[in-house]
Amino acid sequence: MQPKSHRYEATSARDIDTDEIELTARESSRKGRYVRHATFSTDGWGLELLSSFTTLVLFAGMFAIFCSMRDEPYSKWPLSISINTTIAILSTACTAAMMHNVSAFIGQLKWLYFKRSSQSVYNVERFDEASRGPLGAVLLIFRLRWNLATLGAFITILRLGFSPLSQAVVSLEPVVMDVPSNDSTFGYAHAYDRNMTTGAQSEIPPDTQMQSAILQGLYDISSIPVFQCGGACLWRDSYISLGFKSTCKNVTMAALETKHCIKPEGRPGMRFDRNCNFTTPGNITLTTQHVLTDSQTTFRINATRTHLDHPNNITTSLDDIVRIAVWRSGYDTSFNATHINITECTVGFTAYEYPGAEANGSTFSFGKISEIDIQRANWSWDDPLAQTHLVSNKTSSLPPFRLSIVDIRALQAFFESTTFQSEFVSGSAKNNNPGLSAALNGDTNLTRAFDNMALGMTDYLRSGPNEKLAKGVRRESQIYVFIRWYWLVGPAALELAALVFAVFTIVGTARKHDVPLWKSSALVLLNCRHEMSSGIIRGDFQDVKELEKMAKVSEARLE
1 MQPKSHRYEA
11 TSARDIDTDE
21 IELTARESSR
31 KGRYVRHATF
41 STDGWGLELL
51 SSFTTLVLFA
61 GMFAIFCSMR
71 DEPYSKWPLS
81 ISINTTIAIL
91 STACTAAMMH
101 NVSAFIGQLK
111 WLYFKRSSQS
121 VYNVERFDEA
131 SRGPLGAVLL
141 IFRLRWNLAT
151 LGAFITILRL
161 GFSPLSQAVV
171 SLEPVVMDVP
181 SNDSTFGYAH
191 AYDRNMTTGA
201 QSEIPPDTQM
211 QSAILQGLYD
221 ISSIPVFQCG
231 GACLWRDSYI
241 SLGFKSTCKN
251 VTMAALETKH
261 CIKPEGRPGM
271 RFDRNCNFTT
281 PGNITLTTQH
291 VLTDSQTTFR
301 INATRTHLDH
311 PNNITTSLDD
321 IVRIAVWRSG
331 YDTSFNATHI
341 NITECTVGFT
351 AYEYPGAEAN
361 GSTFSFGKIS
371 EIDIQRANWS
381 WDDPLAQTHL
391 VSNKTSSLPP
401 FRLSIVDIRA
411 LQAFFESTTF
421 QSEFVSGSAK
431 NNNPGLSAAL
441 NGDTNLTRAF
451 DNMALGMTDY
461 LRSGPNEKLA
471 KGVRRESQIY
481 VFIRWYWLVG
491 PAALELAALV
501 FAVFTIVGTA
511 RKHDVPLWKS
521 SALVLLNCRH
531 EMSSGIIRGD
541 FQDVKELEKM
551 AKVSEARLE
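Per our numbering, numbering through the sequence shown is continuous, rising by one, with the last residue being 559.
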């Protein structure tokens, strides 16, 4: 069956600037009715439906990218172009396809608008401007009564933010990640055992590295922490390590009460020459010398080992293996001692828990270090007959420890040696062994000095022959993709509005069978006729395709 058609007859021209016109169609016996095309054909809404489907595909593509790359490292992005560039391309293509439809729909709604009632001829211009860009869309919104084309005008304006908002969804941010690394290490120790034995004459081999650590601590020489880290590293576990501690207290009054002075032998001519002994509560003797108007001891340090003759006691007194006493004073014009200060310190074993170790470049630090009393450990001789090593069993809070008696005695021997014990006499006396007086005399904070010494000894244990390696992770900054979904609300709403606009326009045109499908064709405006008497637009053609064929074989010149 042949489709019926309308015939549109031309009318004589007249001034239409102020006229109102109406679009009608009337039947004619000479020509068939207006030709209608199938909705899905290229001459119908086929291209617009294809464009709508394309916008859906492009938007779905962006959504798929967002979902697949959400909270993922940027290194997983498979394309050579950046994810932002990809989103920019997809969003631009999406808006381009969207505006192709919106332009065509606004153009078609123009004819529906004129079909309903007589309108100002200038409204044709307003619809055409609205189909071209945002400025015309703004004028359409404010100059015409709102209709379905108003939705298209809003879409035309708001689509300017479609691409920027779509790109704003993707946020590339650096995230510090933990990467396992065998090169991220620092030391800790559960033993002090150089695997040494006494010599043939029972001589004890000295621990020169321990001696160096003691002296560096007393002289406040900061040592570089021993660790390995290629950049920034982190150790999330806590590690317990064997170490040393020092406890100091002022015993001036108690020691002065034990003062006992004698005249030294061998110097009978020195009438006012005397040596005085002072005994601290820890049973350490400090000897000072004084010659009236000539000299006075202003610094004296002495040390003694504890429980040397009773090795069994070591198992319960590991926190007190050496006791140290320090005499410091000034002197008046007669070289009498003034401002006397006597301090006693103990040095012994302990354990420390090291949490939250971090390294960055040459900087290394721990979190809050806590001390653990090792007396709670169950200590015993490794070999009750030989009694060369002390060992402890593992507990719920402590690992097993191991201590060498030979190394403990070597440490005690150093504190009792003249390298450590020293004296400085102010005045005319000759100082044969000033030793540590330069480091500890005067206003030096002894508690801090001996704490530094214990720290140096502990650091030596952690990096010495009994070192165990604590393995951490290397912290690397990686770029991650974060999706901020709230920025997608605008583009999604605009896409939905465009689809609703398409559906309502197509359905509205299909219901109005007497409205030709002219869309935004310029050829239609060139070939329409306006009846002056009735103010009606008519066309003497059946189809836009007919006009296109005529235009291709026709020529014209502007006169």
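Cβ coordinates follow ideal geometry from the N, Cα and C atoms, glycine included.
query, result
"Could you give the distance in angstroms between the alpha-carbon of N306 and the alpha-carbon of Y354?", "According to the sequence provided, residue 306 is Thr. The question's Asn does not apply to it. Computed Cα separation, rounded: 29 Å."
"Per DSSP, N180 is paired with what?", "Correcting the residue type first, residue 180 is Pro in the shown sequence and not Asn. P180 is bridged to V473."
"Under the rule that 16 or more other beta-carbon atoms within 10 Å means buried, what is E48, buried or exposed?", "buried"
"Exposed or buried, K552, counting other C-beta atoms within 10 Å across all chains shown (16 or more means buried)?", "exposed"
"Under a three-way DSSP split, which group does H190 fall into?", "coil"
"Under the three-state reduction of DSSP, which class applies to D19: helix, strand or coil?", "In this prediction, D19 has a pLDDT of 48, which is less than 50 and means its spatial position is unreliable; what the coordinates show is noted afterwards. Here D19 sits in coil by DSSP."
"In the DSSP output, which residue or residues are listed as bridge partners for S404?", "H389"
"Buried or exposed, going by whether 16 or more other CB atoms sit within 10 Å of the CB of M453?", "buried"
"Would you mind giving the Cβ-Cβ distance between T55 and E546, rounded to the nearest angstrom? I have them listed as a contact below 8 Å.", "With a Cβ gap of about 31 Å, T55 and E546 do not count as contacting."
"Could you tell me which of W235, E476, T343 sits nearest to G443, measuring between CA atoms?", "Going by the sequence as given, residue 443 is Asp instead of Gly. If we check each option's Cα against that of D443, T343 comes out closest."
"Per DSSP, what kind of secondary structure is G32 in: helix, strand or coil?", "Unreliable placement is indicated for G32, whose pLDDT of 42 sits below 50; the coordinate value is still reported in the next sentence. Three-state DSSP puts G32 in coil, outside helix and strand."
"By Cβ distance, which residues of its chain are closer than 8 Å to D309, with the 5 residues on each side in sequence left out?", "Here the model assigns D309 a pLDDT of 49, short of 50, so the residue's position is not dependable and the matter cannot be decided."
"Considering only residues of the same chain and omitting the five flanking positions on each side of T338, which have a CB-CB separation below 7 Å?", "S329, G330, Y331, D332"
"Run through the segment 395 to 443 for me and flag every whole alpha helix (DSSP H) of 4 or more residues, listed as ranges in chain order.", "405 to 415, 437 to 440"
"Going by beta carbon distance, what residues of the same chain come within less than 6 Å of G367, once the five residues before and after it are set aside?", "P355, G356"
"Would a C-beta distance cut-off of 9 Å place S171 and I483 closer than the cut-off?", "yes"
"Using a Cβ distance threshold of 8 Å, determine whether the segment 471 to 479 contacts the segment 177 to 189, with at least three qualifying pairs required.", "yes"
"In the DSSP assignment, the alpha helix (DSSP H) including R116 goes from what residue to what residue?", "83 to 116"
"Looking at the strands, I want to know which residues DSSP matches up with E358.", "L234, S365"
"Can you have a look at I479 and say buried or exposed, based on whether 16 or more other CB atoms are within 10 angstroms of its CB?", "exposed"
"So which of R409, A377, C229 has the shortest CA-CA distance to S397?", "A377"
"In terms of residue numbering, what span does the alpha helix (DSSP H) encompassing C67 cover?", "46 to 69"
"As a quick exercise: from K549, G243, Y239, L90, pick the residue whose alpha carbon is nearest that of I214.", "G243"
"Report the residue from T252, L488, L461, S554 whose alpha carbon sits nearest the alpha carbon of Y192.", "L461"
"With DSSP run on the structure shown, which of helix, strand or coil describes R126?", "helix"
"Please report the straight-line C-alpha distance between Y486 and P164, rounded to a whole angstrom.", "13 Å"
"Hey, how far is the Cα of C261 from the Cα of I369?", "46 Å"
"Measure the Cβ-Cβ separation of T279 and T346 and say whether it is below 9 Å.", "no"
"Taking the alpha-carbon positions, what's the T418 to G230 distance?", "43 Å"
"Three-state secondary structure (DSSP) at V251?", "coil"
"Indicate the three-state DSSP secondary structure (helix, strand or coil) for R300 in the structure shown.", "strand"
"Among A168, G46, A130, I89, whose alpha-carbon lies nearest the alpha-carbon of G61?", "I89"
"Using DSSP's beta-bridge definition, name the partner residues of R274.", "H290"
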